[in-house]
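Quick note: the sequence shown, position 43, residue 43 per the UniProt record's numbering, numbers continuous. Below is one structure; the comments refer to it alone.
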Amino acid sequence: AATPTAAAELAVPRLDQVLVDLKTTQNRVINAAYQVIQEDKLRLKRLQQSTVFTSPQRIYETFSQRLDLLSQRLYNQADKITGKRKEQFADLKMRLRLVAPTYTIKEQQQRLTTLQGRLGRSTTQNLKNIRQHYQMLVGSLDHLSPLKILSRGYTYTTDDKGRFVKRVSDLNSQTIDVHFSDGTVHASVNDIHPKKEN
């Protein structure tokens, strides 16, 4: 630079350029915040339309059906194992009748006693497994039940015909029921303030 003043002007950014850079950064921040807000609104809309809010009883019914089906399968499996062991016992008894030597009879009797012990232990273990699995399913079902959800502080609203109210536009009557975990509040609708879309 020809002079110290000129050198200083080159080293210090011009005010108009600084303002342009600030405006550009501000626009980027606004656009990023708007994008985050739009994504959150979309996730909230999907959550409100999910089965948990639209038909909570369907979740309970689905898990109840699965619980019944799995329990039936476990009991059928236990019956199948027990039936197989009974067939083995019947076969051994038939062989004992056909074998004459005393030592062979004693040997088969010992084997029969051993198998009976195995059957008892196997049956006990199977029943224990069935109970544990049943308790686990009941616990999962209880955790997702509508009453459990309500006990965590959530509520749901129905109109005078018992239909779910998901938004203010669904209100067609002047009375509603707000359901809590420990009871229901019967309320009157005095005023409605729809949320304005951005």
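Beta carbons: idealized from backbone N, C-alpha and C, even for Gly.
Per DSSP, reduced to three states, the secondary structure at D159 is strand. Per the Cβ contact rule, the stretch 155 to 167 is not in contact with the stretch 117 to 129 (fewer than 3 Cβ pairs under 8 Å).
According to the DSSP assignment, G183 belongs to the beta strand (DSSP E) that extends over 183 to 188. Per the Cβ contact rule, the stretch 107 to 120 is not in contact with the stretch 129 to 137 (fewer than 3 Cβ pairs under 8 Å).
Per DSSP, the unbroken beta strand (DSSP E) holding D177 starts and ends at 175 to 180. Listed in chain order, the non-local C-beta contacts of A78 below 6 Å within the same chain comprise N126, local neighbours out to five positions each way being set aside.
Each of V168, P194, G153, Q49 was checked against the Cα of G183, and the nearest Cα belongs to G153. Between the alpha carbons of Q65 and V178 lies a gap of roughly 28 Å. The C-alpha of Q108 is placed about 38 Å away from the C-alpha of L70. Here F89 is not bridged, per DSSP, to any residue.
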